Every structure is written in structure tokens, then in C-alpha cells.
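Student: Sharing a structure, written as C-alpha cells. Questions coming.
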Amino acid sequence: MNKSELVENMAKAGGISKAAAEKTLGGMLAAVTTALKKGDKVTLVGFGTFSVTKRAARQGRNPQTGKAITIKARKVARFKPGSKLAESVK
């Protein structure tokens, strides 16, 4: 499912226009992004939790040359599915 299909499904489920659904989805994504940038967690009970974790620097290899390289430390976004979502996917 891509973004336009998600917007269409949201509009049908909510009984709203596609424009309103797209605006709502954009607002939700912006709110989650802002919270993660600040280092906060976003928990949607039953659906899942978005969070940020730090990935330590590590050694890697250039696949073309085989030469060892250092991969810098960085922050990564994570998603842990909630119980209802995990159960519905089984």
C-alpha cells in the first residue's frame, strides 16, 4: 500500500474527503517526526511505539575492495509493533 492508497482508505473509513484525510495523515507524520527529533517516544496503544536509538560506530568492509572502513555512530528510528498489531498479522 502506498500513501495515496492509505489516504483513500482513511477517507472511506472516516467518512471524510481525500483532501482532509491527506492533511490528517501529513499532520500525524509531522508530529511523529518532530517528537522523534526531540528524542521522545510516540506510543499508539495497541498499534506500536516509534522511538529513536543510538547505533554505535562499528567496523565494516567495502564490498568492492574488501578494505576495512569505519561506519560512524548515528541515531536511527525504530518501530516496535503493539500487541493488537502483532496479533492481527499472525
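With the sequence shown counted from 1, adding 9 to any position gets you my numbering. Just so it is clear, CB atoms sit at the ideal spot from N, CA and C, and this is done for glycine as well. Note that the structure is predicted; figures quoted are calculated from it, not measured.
Are residue 94 and residue 57 touching if we call contact CB-CB under 8 angstroms?
Tutor: Walking along the sequence shown from the start, residue 94 turns up at place 85. Walking along the sequence shown from the start, residue 57 turns up at place 48. Yes.
Student: Between which two residues does the beta strand (DSSP E) holding residue 69 run?
Tutor: Residue numbering aside, residue 69 sits at position 60 when the sequence shown is read from its first letter. For residue 69, the enclosing beta strand (DSSP E) starts and ends at 67 to 70.
Student: Quick one: measure Cβ to Cβ for residue 85 and residue 62, integer angstroms, because I've assumed they're closer than 8 angstroms.
Tutor: The sequence position of residue 85 within the sequence shown is 76, counting from 1. The sequence position of residue 62 within the sequence shown is 53, counting from 1. The pair is a contact, with the Cβ atoms about 6 angstroms apart (cut-off 8 angstroms).
Student: Buried or exposed for residue 40, going by 16 or more other Cβ atoms inside 10 Å?
Tutor: Translated into the one-based positions of the sequence shown, residue 40 becomes position 31. It counts as exposed.
Student: What does residue 51 pair with, by DSSP beta-bridge criteria?
Tutor: Here residue 51 is taken as the residue at index 42 of the sequence shown, counted from 1. Residue 51 pairs with 59.
Student: In whole angstroms, what separates the C-alpha of residue 21 from that of residue 60?
Tutor: Position 12 of the sequence shown holds residue 21. Position 51 of the sequence shown holds residue 60. Between residue 21 and residue 60, the C-alpha separation is close to 30 angstroms.
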